[in-house]
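A.B. asks: Protein chains in written order, with the working numbering: chain A, 618 to 865; chain B, 618 to 865; chain C, 618 to 865; chain D, 618 to 865; chain E, 618 to 865; chain F, 618 to 865; chain G, 618 to 865; chain H, 618 to 865.
Each residue gets a CB set at the ideal place from its N, CA and C atoms; glycine is no exception.
Here the structure is a predicted model, which means the values were calculated and not measured.
First the structure, which I've put down as structure tokens, then a few questions once you've had a look.
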């Protein structure tokens, strides 16, 4: 949508050909700014009501610094995922107010800390090795304005641990479950809570785990009907959807 | 939890050792009835606040009739999925008020039609061949107390069709997208709506679609962050989670 | 080992060159009889102390009848697995004392019912659709001289069901767990019992279950250390090993 | 199970509502201690009658040292698997009585050397490259109180080597067979012994071995009925189950 | 190479520009006859010194009858593989001297029975279910002018059976080994004979055999260096190469 | 784009706000007609300058008849692919001028036979079993206004056959190569022609062909740089792209 | 074809036995020069009318320098793909007029910059991480004599970005689309343009992208009929075929 | 077979119970020497009439030096495959007469250079990147007493190169073909020669070559009947079998 069309739209509004609701809907899908190497979409936050996110994988340090600068000017909260230590350092040098989470490979600018969610989001991980993925989910959930609770190291092989957390789980609006190896935990949690469960397979394991494939297949075949699945190690995606679900 | 424990629990309540909220939480995980071949769990509906569901795959006709009978006595709404025509007929003979959806392989008893959801759930399918899966999702969403809208046959190869449905999509609380072949539609829809998108890969396709694997992988790798995925052809699961998300 | 060598062996025994224990060990690996199409190994039972077993897959009816006849002359107990209804009928016509289990595709001659095991073997299945595989395991375990208990339909999505069977499970010498879909049950059971668990993935499921692959991978990656795995749908193999484990 | 419940249980015992056997069964599933990053389960040893085990993969050095310290206070024998050289060193600095096995990536504290097994466990490996996995199995079997015998480098391509070990194999209560490449050895050994065989596929090989997949599939399809399988390179799991089988 | 070029070639020979050896080499790669739907290559037999072969898979009955007629006019021996019963019948009606092998799906015209091989080719199969593939290999080997010996039902799980056939195997010029399931037999046979072993994976098995994939991978990773592999169920290919190896 | 917008557009044209070229571009992406079960896009032909195509897979007979009727009213040429014999019959009953190609599963209405291509398109198939796929490609190429030549049964194992067709191949504007099994023919043809080669893997083969996967992978890895690939058995897609390439 | 045959051919031309057109066709397939380690085919450029290309993967630096030298003597334009920085440096030292593109791993000698194509080729990439592959395509398209336009960072999740480029896309003769993750962009672009689309899956992604497999499968199953596919990350191949399509 | 049995055998020979031929056959399968970490089988050379071979993968340097020393004392020719540069150096320091081939990762002791083969073995490779695998094959073929010819860089995309080598190929007793990427060369060569072709897939390629899987599948599905296949990159295995085939 170019300037001419925008003018047309506003003229149409003035002329009454387009009412306010329709105009808003259209504006949702409108402009983005061209940085040369990447089209920064300043309206995406407006569209989803969410902070801006930079997916760091495969981007050069100078690209990330450039995009971060553009976003920080207009958005209170910015999250950079899959960022290398070098890129994180370079961004922090220019914008020192960010928090760096090296195990989760994330860099977060969390300036607006208003809580917007309807209830609590719980992030569960099956083993201590799954913590970095759970941490990515938690960081995302927080920066998107939600109250979070984390529960670590409760696998299906120790059902009594699971049972002892029953009440904390049952009080959640959404539960995110991160698990590698056989990926069985989301099914067990799913049977214990009356809310949606977002399953995150992790690449933790060896041999026939095939870098998370075993966990992924297990979760897709869950016998608990309240389970949906995101990509292997995609803690961010799980946190993002959980936040959308938790919005009023 | 056996009778003795139940009595203990009630005694503890009477004695004040357990208050009402805790007691409710425990009751949520309590009893089920033994039919010999299958443990019918009458509290599941209570736990999730949902109708009862029978997963028909691999169950004999007499088993399905038996379980259906037990459930219909206590639950207003019952859904039977993946039911063969023979089993559906046998159930309908005994309980004629059910609706049979042969293409979706579903049988539905929808006696309590109260709407409970916060908003509209939209079910989208990419091609006419994906309709049976979309129908399973729709049936589920309805029986669980939601308002539904269906949009058929809008693939990514015809973006103008997609754009012309923008406003209908944007007004949804959740969108379910069923697509086979390359499974690209959830990403495109995901970029257009500010709500969660549940992607259902279908087994429609041939050759390198590998019975839905191509669509499944495509959806798991979606560049839209608001997409989660369920198993191939699992319209029911998508409808179930969408209903949970849509609850107040 | 031909006749001459056998004579040599006996001569060596008589001459004291070979003592009784060594001779027995050798005899364990000795002769088999040639039926033309299949070498019937009459010493296998003696070697493993087990009934004779015919693997029916891909064998013609007349072959099965022939082998069954040869085995029934020398072994009290004979088990035929993966037998077609036609072949089962043909065998029963000639040897009417057999029991036919059509869902488990098994035919059993159980003439010597002596119990030889050290304790109870428990066979668990996750869903009613897994019963045929569980039945194959049970039939095997019984014909091999063990006491069996069966528990049906206790999946990880209903942990309270699992917990309510805790005491029955804990009293077992071996537990066999049959599960399809995500195959999570063996991990959960494994964490509840102090004995070996044999996991049998079943081909029950659809879509990304890939005919039992998801369950198989899940079980191989179990976080419970007491779990070993057999081939998809191999109830017989699980029963066979469980019987060996249960022997004094 | 929290303190209150424990008190309740003891009160119930005192009141005769629960007898000693039931109480013991429940205690088996009871408490664990929270170290912040990992829930150390001090009753697992009691439950399975086994030493404590730390799965080192993906755990930070300080985590491993912390958990090791907690376990060594209460359990005579502790095994750390998949430990990096750095973590091993750090643990040994604090607790110098451990033995380090760098090729098997294991660290063992073997203070109680009582033999508890019914008989001998034999660990076989197909090639010299499979020795690290076999060593992990051996270390596990020993620390769990069993007599072990090891046989190296006897592949199916040299059947005479196999035959010459026939008597050593035949005297075992359980045999663990580690093999990479085509993974055929468990079948051959399985046909020679009347006891359970636990097959461990190793990742040794190249090209179409696909990091142990070829061996894994071969073992799952074994024509010897006494074979069960664990994950690729899972020497520990094989040793653990073998020890359970060998217990009186 | 068209007529004009052929004339040129002959003229070049007459003129001495091309000598006889070169001319023969060229003629080897020359003409074929066009039947419309298939180019029948009458020189292939001359090139490889072999009977003509029709690969029946996916060919219509009339096509097979047509090609068979063309070949039978010029070649004494003709083999049709993967032929349906209907097509076989149709060919036999027109050319009644053929032999039909329904289990091996082959039809053979064996009019010239001269033995041309250097020695004996042995065809081994692991189980009775592998016999059809072994039969296809045998039929091929015979029609190509070789002496054959067949050994059935000697798997690696019964090594004594294998050992008792050691001398028959050792006297072979080539050994063909057909095996499904774990496909371990070629390695064991390979270690016992000083000649090439051609391994034929069969699709016999279930579950994780994945229609012969497990056997195929096992054979490709054989630790016996004298093993090469052909496609799953390709008894014909194995017989063909064995015959080439056995030629003087 | 609805009627109102269309009117707006025409008004804008009349007022000079939009010139003719822009208007045409917009019209290309404009309307489609709603049949209830499928959105028939009457402008697609105009957009691509191509006949209308119905993808028959998974569509009910009445759906196909309905869509065909709508399309035949406005488009001279219509192609129905992957049509069942029943649906084909039903369409022909209503619209008898169609040609039915049962092996290619296609139904064609070819009323406008104008040749529009720049040159000849050649369709090559490796074996007679690949003919149905080649036929689908040919039918498509013809109905899209191109001159076609077909060459059957020239595999890489008979290079002299390939060489003898060198001149026919070299005169093509595009070559379509259909091949199953190892899928090597496109590479060989690619090295012989100076034009684009479209490779169509077919599902012909057995065992390790994995229903066309082997051919597909081979073609994707072609060492001839002028080769691109379409889905397994997708003769239509190859013909469609070849026609686009051949347009002036 | 050796010297003698070449002389024969020229003699045949002189004698009128071969006319000029036939002679040209033959010369197309004629000689190549032997460098010892690689057969440099100087006629390939003549055959395809294209610059010379060296595939650098797995070639030693001295090999690349040697081949480059031989080609640069006879061909104005030379492209080296998949070249390591070391090899690129070594070539540039000897032949300094080359341009090095490190991210695209390419080295280009572009001495003849004549434009030969019929129209514009557009290269599109879905994300900034796909730029190196897009760059390889662009370099190829340019050196082969075509006008190029590049469009970066327009994924399906932001359809408005795609729509805003509609007119630039619609004016192309061929479009190359590079995309990783779910690989959905070629379908969307395919629906917007009336020309061939060449899809290049990239290895960008993580988890279930399986190094580009998800994108590859998605593209092969595209519902846009004008899409063909090349190997993962094969920007060169896409550029090569696009250039052939664009030739008059 | 232990000493006692050996004595028995010799006594039996002396007594005439066993004749010379039988005795030789038995001796073929007799003794091996125990080095602690590996059973060196000194009779293997005698059994297969071949030099001794050490498979270096996964063996420690000291193990390789030890085994090499043992073998060099008794066998004139020794080949070490998959040896690291470090291990190669260490062996050469102790036994300096070896030849080291770093690209082929081989170390060869070739002291007895008698030619034993019936004819010439030709080793062909498709591209220069396949040379290391071809070199491993050549080294093996030579050390086993055969005359070798090597032909490099003749892929199916340049059929004229292939044709120009027709006569060199046709004069071979066996042809080994090493090819990566699509692996089509063995089929083309197979159609040109009347002898066995051993196909070696190499891991050369990228993207959908999946580390040699594409080439492997292509070769297994070859339409040339004289092709058998070995593991990816297994130049040694191909050379070994070729040598066996070439023996008188």
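Roughly how many angstroms separate the alpha carbons of residue 732 of chain F and residue 749 of chain G, rounded to a whole number?
C.D. replies: For residue 732 of chain F and residue 749 of chain G, the distance between alpha carbons rounds to 41 Å.
A.B. asks: Got a sec? Which residues, its chain only, sit under 7 Å from residue 807 of chain D by beta carbon, not counting five neighbours each side?
C.D. replies: Cβ within range, chain order: 814, 839, 841, 843 and 844.
A.B. asks: Since residue 675 of chain E and residue 821 of chain F are thought to touch, with beta carbons under 8 Å apart, how far apart are those beta carbons, to the nearest angstrom?
C.D. replies: Contact holds; Cβ gap of about 6 Å.
A.B. asks: Tell me which same chain residues have a C-beta within less than 6 Å of the C-beta of residue 818 of chain A, skipping the five on either side of it?
C.D. replies: Here the set comprises 800, 829, 832, 833, 836 and 849.
A.B. asks: For residue 778 of chain D, which of helix, strand or coil comes out of DSSP?
C.D. replies: Of the three classes helix, strand and coil, the one that applies to residue 778 of chain D here is helix, per DSSP.
A.B. asks: Going by C-alpha to C-alpha distance, which of C:791, C:772 and C:723 sits closest to residue 803 of chain A?
C.D. replies: The shortest C-alpha separation from residue 803 of chain A is found at C:772.
A.B. asks: Specify the secondary structure class of residue 690 of chain G as computed by DSSP and reduced to three states.
C.D. replies: Helix, per DSSP.
A.B. asks: Have a look at E:852, E:727, E:720 and E:722 and flag the residue whose alpha-carbon is nearest the alpha-carbon of residue 794 of chain E.
C.D. replies: Taking only the C-alpha atoms, the option nearest residue 794 of chain E is E:852.
A.B. asks: Does residue 682 of chain D come out as helix, strand or coil in the three-state DSSP assignment?
C.D. replies: Residue 682 of chain D: helix per DSSP, three-state reduction.
A.B. asks: Let me see if you follow: with CB-CB separation under 8 Å, is residue 851 of chain E close to chain C or not?
C.D. replies: No, no contact with chain C.
A.B. asks: Return the CA-CA distance between residue 728 of chain F and residue 694 of chain F, expressed in angstroms with no decimal places.
C.D. replies: Each residue's alpha carbon lies about 6 Å from the other.
A.B. asks: With distances taken from CA atoms, which of D:687, D:703, D:859 and D:847 is nearest residue 765 of chain D?
C.D. replies: Measuring from the Cα of residue 765 of chain D, the nearest candidate turns out to be D:859.
A.B. asks: For residue 723 of chain H, report the span of its beta strand (DSSP E) as first-last.
C.D. replies: Start and end: 723–727.
A.B. asks: Along the stretch 759–775 of chain E, what residues have a CB closer than 9 Å to any CB found in chain D?
C.D. replies: Flagged, chain order: 772, 773, 774 and 775.
A.B. asks: Quick check on DSSP: helix, strand or coil for residue 674 of chain F?
C.D. replies: Coil, per DSSP.
A.B. asks: To which residues does DSSP link residue 701 of chain E through a beta bridge?
C.D. replies: According to DSSP, residue 701 of chain E bridges with nothing at all.
A.B. asks: What residue range is occupied by the uninterrupted alpha helix (DSSP H) comprising residue 749 of chain C?
C.D. replies: Run containing residue 749 of chain C: 748–760, per the alpha helix (DSSP H) assignment.
A.B. asks: Pull up the CB-CB distance for residue 739 of chain A and residue 786 of chain A, whole angstroms please, since I reckon it's below 8 Å.
C.D. replies: The Cβ separation is near 6 Å, so the contact holds.
A.B. asks: Give the interface partners of residue 604 of chain B over in chain A, defined as CB-CB distance under 8 Å, in chain order.
C.D. replies: No statement about residue 604 of chain B is possible, as the shown extent of chain B runs from 618 to 865 and does not include it.
A.B. asks: Just checking: is the beta-carbon of residue 825 of chain F within a distance shorter than 8 Å of some beta-carbon in chain E?
C.D. replies: Yes, contact with chain E.
A.B. asks: Determine the direct distance from the alpha carbon of residue 678 of chain B to that of residue 721 of chain C, and round the result to whole angstroms.
C.D. replies: One C-alpha to the other measures close to 18 Å.
A.B. asks: Could you tell me which residues DSSP pairs with residue 795 of chain C in its beta bridges?
C.D. replies: Answer by DSSP bridge pairing, in chain order: C:742 and C:817.
A.B. asks: Between which two residues does the beta strand (DSSP E) containing residue 768 of chain G stretch?
C.D. replies: Element bounds for residue 768 of chain G: 764–769.
A.B. asks: Give a yes or no on whether 8 Å exceeds the smallest Cβ distance from residue 860 of chain F to chain E.
C.D. replies: Chain E contact via Cβ: absent.
A.B. asks: Which value, in whole angstroms, describes the spacing of the CA atoms of residue 826 of chain F and residue 797 of chain F?
C.D. replies: When rounded, the distance between both Cα atoms is 8 Å.
A.B. asks: In chain order, what residues of the stretch 801–812 of chain C put their CB closer than 7 Å to some CB of chain A?
C.D. replies: The stretch 801–812 of chain C vs chain A, Cβ under 7 Å: 801, 804, 805, 807, 808 and 809.
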